[in-house]
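Residue numbers for the sequence shown follow the working numbering, beginning at 434 and rising by one.
See below for the structure under consideration.
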Amino acid sequence: MRKALVLAVLMAVWTPTVFGQAAIREEAAGWAIRAGPLVVELDRDAARVVSVRVGGKRLASGTGGVHLYDGKTRKAVGSLVAAESGVVGTHESPALRVGWAAADGALKGRHEVHPEASGIRWRVTVENAGDQPQWLEVRLGLPIDPQRGWQYWDGRNAPVKVEPNSRL
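And the structure:
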């Protein structure tokens, strides 16, 4: 039995974006995704979010990224190992695609990071390669200060303001 779960998240920035400033750049330590003044950096090994900057100013310290949790116990589902990464799409509409698998091989998936005019969109796809169904919760952890007016959008419901203890 194979099931897939897709989660879309949009990080909205409160400042306008100049047309043509959305880009993905490969760097020595990983990837930099830019949408106007917003820049999100990911490391190469595990595609962890290592910094979020607006206008050159780092918003917070720490790391984040895509995390999987057991939907019933709320415990983390082992470690995720990045498989392959690279830029896909067109010059006008690029995306960073990162493939990964759980250490036990039961789960695999990918996430795509799309810079857009109004923010950065994360699309996460999870596939259960095992025989047993799993209740999963996908979270996107970001090292940001929630007091700065951030919003997230799940692709379906109205945008929601991020609060200090939000569970997205």
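Built from N, CA and C at the ideal position, the CB exists for glycine as well.
The structure presented is a predicted model; accordingly, all values stated were derived computationally and were not measured.
The Cβ atoms of residue 501 and residue 559 sit closer than 8 Å to each other. Cα atoms of residue 596 and residue 566: separation of roughly 32 Å, rounded to the nearest angstrom. Looking at the backbone, the Cα of residue 523 and that of residue 564 are separated by about 37 Å. Annotation: residue 511 is outside any beta strand (DSSP E) and is labelled neither H nor E by DSSP. Taking 8 Å as the upper bound for CB-CB distance, residue 485 and residue 475 are not in contact here, some 11 Å apart. The C-beta separation of residue 548 from residue 456 comes to about 6 Å, placing the pair in contact by the 8 Å criterion. Distance from the Cα of residue 499 is smallest, within the candidate group 472, 568 and 557, for 557.
For the set 488, 554 and 568, the Cα lying nearest the Cα of residue 588 is the one of 554. Under the DSSP definition of a beta bridge, residue 570 partners with 502. In the three-state DSSP reduction, residue 467 falls in the strand class (E or B). Considering only 509, 472 and 473, the residue with the shortest C-alpha distance to residue 572 is 509. Inter-residue distance for residue 497 and residue 459 is about 19 Å (C-alpha atoms, whole angstroms).
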